[in-house]
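Residue numbers (the numbering used here): 36 to 162. To start, the structure itself, in structure tokens.
Shown next as structure tokens:
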């Protein structure tokens with residue numbers, strides 16, 4: 036009988052979308068979280084009511100900080116800006132990346148940087 040795999044994850048939000056983020060670092064060489072079957076991704080997204088699932092792991096490519104595998108709720112691979120925003124926040128919190136990072140996604144490389152030098156416009160409300 037096959038041993039059941041337990042996957043630890045966190046739920047993150049990026050500008051209104053919710054994502055499951057799975058840390059693939061330290062899972063061991065015998066576990067490939069980047070090869071989850073579409074049906075498994077679909078079931079996790081359905082049970083957790085999320086907009087996608089993201090697996091984060093290390094990259095062996097020079098100049099690339101993280102591998103970021105974004106999966107839609109149907110299991111298909113894609114790129115998602117809000118998912119990247121959540122992934123970057125997660126990686127920053129874990130201390131894996133600094134103010135700038137390069138993520139490798141299914142569609143290529145994406146440079147991400149923290150921008151805290153902006154001003155929000157003033158808003159007026161009428162009652």
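Think of the CB as a built atom: it goes at the ideal place given N, C-alpha and C, for glycine as much as any other residue.
Have a look at residue i and residue j and give me their C-alpha separation to the nearest angstrom.
i, j, result
"residue 43", "residue 95", "23 Å"
"residue 148", "residue 122", "12 Å"
"residue 116", "residue 83", "20 Å"
Within its chain, find whatever has a CB closer than 6 Å to the CB of residue i; leave out the 5 residues flanking it on each side and keep chain order.
i, result
"residue 139", "94, 99 and 102"
"residue 144", "137"
Look up residue i in the DSSP assignment and say whether it is helix, strand or coil.
i, result
"residue 60", "coil"
"residue 104", "strand"
"residue 85", "coil"
"residue 76", "helix"
How about residue i and residue j: do their beta carbons lie closer than 8 Å?
i, j, result
"residue 142", "residue 114", "yes"
Using a Cβ-Cβ cutoff of less than 8 Å, which residues in the same chain neighbour residue i once the five nearest sequence positions on both sides are dropped?
i, result
"residue 111", "73"
"residue 129", "58"
Report the option in the options whose CA atom is closest to the CA atom of residue i.
i, options, result
"residue 59", "151, 127, 132 and 104", "104"
"residue 50", "78, 68, 118 and 80", "118"
Tell me which same chain residues have a C-beta within less than 7 Å of the C-beta of residue i, skipping the five on either side of it?
i, result
"residue 56", "44, 45, 47, 89, 91, 121, 122 and 125"
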